[in-house]
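Visitor:
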Amino acid sequence: MWVQRTFQLPARSRGFHLVTRTIVDAMPEIDQVQTGMMQVFIQHTSASLTINENADPDVRVDFETAMNHAVPEDLPYVHTLEGPDDMPAHVKASMMGASLMVPIGSGKLMLGTWQGIYLCEHRDHGGARRVVVTINGE
Amino acid sequence: MWVQRTFQLPARSRGFHLVTRTIVDAMPEIDQVQTGMMQVFIQHTSASLTINENADPDVRVDFETAMNHAVPEDLPYVHTLEGPDDMPAHVKASMMGASLMVPIGSGKLMLGTWQGIYLCEHRDHGGARRVVVTINGE
Amino acid sequence: MWVQRTFQLPARSRGFHLVTRTIVDAMPEIDQVQTGMMQVFIQHTSASLTINENADPDVRVDFETAMNHAVPEDLPYVHTLEGPDDMPAHVKASMMGASLMVPIGSGKLMLGTWQGIYLCEHRDHGGARRVVVTINGE
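Chains as they are written, first to last, in full-length UniProt numbering: chain A, 1 to 138; chain B, 1 to 138; chain C, 1 to 138.
(1) Can you give me the start and stop residues for the alpha helix (DSSP H) that Glu64 (chain C) sits inside?
(2) Compare the Cα-Cα distances from His125 (chain C) to each of C:Asp25, C:Val61 and C:Asp85 and report the closest residue.
(3) Who are the neighbours of Pro103 (chain B) on chain A, taking C-beta pairs under 7 Å?
(4) Is Ala128 (chain A) helix, strand or coil by DSSP?
(5) Using DSSP with H/G/I as helix, E/B as strand and the rest coil, what is Met101 (chain A)?
(6) Measure how close the beta-carbons of Ile42 (chain B) and Ile117 (chain B) come, nearest whole angstrom, since I'm counting them as under 8 Å.
(7) Whose CA, out of B:Arg12, B:Pro28 and B:Ile51, lies closest to the CA of Lys108 (chain B)?
(8) So the candidates are C:Gly97, C:Asn136, C:Thr134 and C:Leu119; which of them puts its Cα closest to the Cα of Ala128 (chain C)?
(9) Helix, strand or coil: which one does DSSP assign to Arg21 (chain B)?
(10) Cα separation between Asn68 (chain C) and Ala66 (chain B)?
(11) Could you work out which residues of chain A lie near Val78 (chain B), taking near to mean beta carbons separated by less than 7 Å?
(12) Assign Met95 (chain B) to one of three DSSP states: helix, strand, or coil.
(13) Restricting to Cα atoms, I'd like to know which of C:Val3, C:Pro10 and C:Trp2 is closest to Arg130 (chain C).
(14) Starting from the Cα of Val102 (chain B), find the closest Cα among B:Arg123, B:Glu121, B:Tyr77 and B:Val133 and give me that residue.
(15) May I ask you to report which of helix, strand or coil DSSP gives Met110 (chain B)?
(16) Assuming Arg21 (chain C) and Glu121 (chain C) are in contact, meaning their beta carbons sit under 8 Å apart, how far apart are those beta carbons, in whole angstroms?
(17) Span of the beta strand (DSSP E) holding Arg123 (chain A)?
(18) Of all the options C:His90, C:Gln39 and C:Met95, which has the alpha carbon lying nearest to the alpha carbon of Val91 (chain A)?
(19) Going along chain A, which residues have a C-beta under 8 Å from Gln39 (chain B)?
(20) From this set, C:His44, C:Phe16, C:Gly36 and C:Asp58, which residue's C-alpha is nearest Met87 (chain A)'s C-alpha?
(21) Please decide whether Arg12 (chain A) counts as near chain C, where near means a Cβ-Cβ distance under 8 Å.
(22) Answer yes or no: does any C-beta atom of chain B fall closer than 8 Å to that of Thr50 (chain C)?
(23) With which residues is Gln8 (chain C) paired in a DSSP beta bridge?
(24) Taking 8 Å as the CB-CB limit, is Gly15 (chain C) close to chain A?
(25) Can you grab the Cα-Cα spacing for the pair Met38 (chain B) / Phe7 (chain A), in whole Å?
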């Protein structure tokens, strides 16, 4: 069984945002999968996806602090036409990744208790972001 | 053919640890797969998985040095209640990732000669870590 | 339907290189897949794969700058026998990742308009790099 759906996540401020509920609600077929896999793929190069802590919002604030430290805006970049936030956004996007793979078991995503799906918006004004979600399983 | 199994990796010290043999031994069905894929997924947000050099233990020591440099403990984090190692652990976990996808061919994982699977323990005292391993193939 | 093929990407200079066309040309079966997934897996630990901006070559130059900042060569590494570029190469490889998963829909890779596949060569003299490409779909 394969299911694939493309849709937009609404524009978010720069930072890290929990979108688990939005993704799950868009894919009701998850509950028909006994064993399988879900991919979430973002079709952009300055926003990304990751899995991390789903409880304390401070964790998402600190993610922004840590990623700005790892990939600062004041390096001697050549590609600066789109603003100082653009080139770091590309690098952060590759560090986090464009794709998530989440196992499915007994009709549910097999996320750990504290795991949630983050949309990582690395631009100051990124706009809506398109994702392709694909389910494969039996 | 789908096979899925959840099990625990025993507690390790903070750092990077080779677990290829443990994973392979837990999944004897790999040798029945002509062409396919294995996912290893960790159900935690302060430990992670990666693939890297399987020979010299010094590489794993240096991984700890480099990741502590990239994500230092002394940034102005807000989420500090769980100790100074906690917030960096979350960020490192997302940089490495919670999921590995390894191709299977002719009944074997198609890892390169020097590739092994690392459990990345980012906490000082992380405890046992639960993984979900899923095989899909024909 | 499963298809798997192993082949080499020719040696590249240290840095980030677009290889989308090479990968797609090697996998003509993509156009037979209505819904599915393609994995690209690199069998090395000092080169990696990522998806990022496919238009301005300056972005790839700046990737090198940013990754050298995040993982500098002058940390107190223990594993130094293979040269000062080797240990940072391993860490960068894990930050970017050894595996890409790209959804396939209606016979095409579902990359976004600006997305391309990068070979990330982290060594000064890395040589040819072997990849395993696996397609699964219907």
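Note that CB positions come from ideal geometry on N, CA and C, so glycine has one too.
Guide: From the atom records:
(1) Boundaries of the alpha helix (DSSP H) harbouring Glu64 (chain C): Pro57 to Ala70, taken from the DSSP string.
(2) Of the listed residues, the one whose Cα sits closest to His125 (chain C) is C:Asp85.
(3) Those within 7 Å of Pro103 (chain B) in chain A number zero; the least Cβ separation is about 13 Å.
(4) Per DSSP, reduced to three states, the secondary structure at Ala128 (chain A) is coil, with no helix or strand assignment.
(5) Of the three classes helix, strand and coil, the one that applies to Met101 (chain A) here is strand, per DSSP.
(6) That belief does not hold up - the Cβ atoms of Ile42 (chain B) and Ile117 (chain B) are roughly 11 Å apart, past 8 Å.
(7) Taking only the C-alpha atoms, the option nearest Lys108 (chain B) is B:Pro28.
(8) Ranking the options by Cα distance to Ala128 (chain C), first place goes to C:Leu119.
(9) In the structure shown, Arg21 (chain B) sits in a helix (DSSP, three-state: H, G or I).
(10) Across the structure, Asn68 (chain C) and Ala66 (chain B) are spaced so that their CA atoms are roughly 12 Å apart.
(11) Within chain A, the residues near Val78 (chain B) are Asp58, Val61 and Asp62.
(12) DSSP, read as helix, strand or coil, puts Met95 (chain B) in helix.
(13) Residue C:Pro10 holds the alpha-carbon nearest to the alpha-carbon of Arg130 (chain C) among C:Val3, C:Pro10 and C:Trp2.
(14) Val102 (chain B) has its Cα closest to that of B:Val133, out of B:Arg123, B:Glu121, B:Tyr77 and B:Val133.
(15) Correct three-state label for Met110 (chain B): coil.
(16) Rounded to the nearest angstrom, the Cβ distance from Arg21 (chain C) to Glu121 (chain C) is 17 Å, too far for a contact under 8 Å.
(17) Taken as a continuous stretch (DSSP letters only), Arg123 (chain A) belongs to no beta strand (DSSP E), as it is neither H nor E.
(18) Across the set C:His90, C:Gln39 and C:Met95, the C-alpha of C:Met95 shows the shortest separation from the C-alpha of Val91 (chain A).
(19) In chain order: Met37, Met101 and Pro103.
(20) Taking the Cα of Met87 (chain A) as reference, the smallest distance to any Cα among C:His44, C:Phe16, C:Gly36 and C:Asp58 is reached at C:Asp58.
(21) At a cut-off of 8 Å, the C-beta of Arg12 (chain A) has no neighbouring C-beta in chain C.
(22) It does not: the Cβ of Thr50 (chain C) has no partner Cβ on chain B nearer than 8 Å.
(23) DSSP output for Gln8 (chain C) lists C:Arg130 as bridge partner(s).
(24) No, because no Cβ of chain A sits closer than 8 Å to the Cβ of Gly15 (chain C).
(25) When only Cα atoms are considered, Met38 (chain B) and Phe7 (chain A) end up about 28 Å apart.
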